[in-house]
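K.L.:
Numbering (the numbering used here), first residue to last: 15 to 162. Here a beta-carbon is modelled for each residue, glycine too, at the ideal position from N, C-alpha and C.
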Amino acid sequence: MKNQTNAPKRKFTHRFRCDWLNDDDLKPWLMKSIKGDTYFNCKFCKIDLMGGISAVKEQGKSDKYVSLIRSRKITIEINKMTTVQNASELVKKTIEAEIRLSMFIVEHNIAIRTVNHLVSLLKIIGKDSDVIKILNAIEQKQRQWFAM
Numbered sequence: 015m016k017n018q019t020n021a022p023k024r025k026f027t028h029r030f031r032c033d034w035l036n037d038d039d040l041k042p043w044l045m046k047s048i049k050g051d052t053y054f055n056c057k058f059c060k061i062d063l064m065g066g067i068s069a070v071k072e073q074g075k076s077d078k079y080v081s082l083i084r085s086r087k088i089t090i091e092i093n094k095m096t097t098v099q100n101a102s103e104l105v106k107k108t109i110e111a112e113i114r115l116s117m118f119i120v121e122h123n124i125a126i127r128t129v130n131h132l133v134s135l136l137k138i139i140g141k142d143s144d145v146i147k148i149l150n151a152i153e154q155k156q157r158q159w160f161a162m
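1. Find the nearest neighbour of THR52 within the set PHE58, GLY65, ILE61, LEU44, judged by alpha-carbon distance.
2. Could you tell me the alpha carbon to alpha carbon distance between MET45 and GLU112, rounded to whole angstroms?
3. Are there 16 or more other CB atoms within 10 angstroms of the CB of PHE54, so buried, or fewer, so exposed?
4. Does the Cβ of VAL70 have 16 or more other Cβ atoms within 10 Å, making it buried, or fewer, making it exposed?
5. DSSP three-state label for ASP62, please.
6. In terms of alpha-carbon separation, which member of TRP43, CYS59, ARG86 lies closest to LYS78?
7. Given a cut-off of 8 Å on the beta-carbon distance, is the pair LEU82 and GLN73 in contact?
8. Give the DSSP-derived three-state secondary structure of PHE54 in the structure shown.
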């Protein structure tokens, strides 16, 4: 008879290997886990898993990972979005006017109901730019009066 021992078979534990990060398919989502040397982290799924390269590749084929990758491909990166610098002059002026008006409203703590009326009033007045030029002239006259 063979010499049999009842000692349990030692299980081999895989360790994270930094050379996995050199693989172009794994580089975007794989990183070392803070849980220890035997774990790896999927950046996209935000989970720590245990295992070797086969477990890493299996994670890369999981349903959750695949759906997250699909949604990332559809999403436009913020640095590739249309920016204000590429916008037309009218759009730039409109954005600046909205920001200035918003700052005025917040600074003077104007009620929302009043703001709604103010916006419709500005739309009516703004149709004729000559009216706004006259309003500017009146404002300058008022400054001169108060300066005296």
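P.N.:
Taking the definition as stated:
1. GLY65
2. 44 Å
3. buried
4. buried
5. strand
6. CYS59
7. no
8. strand
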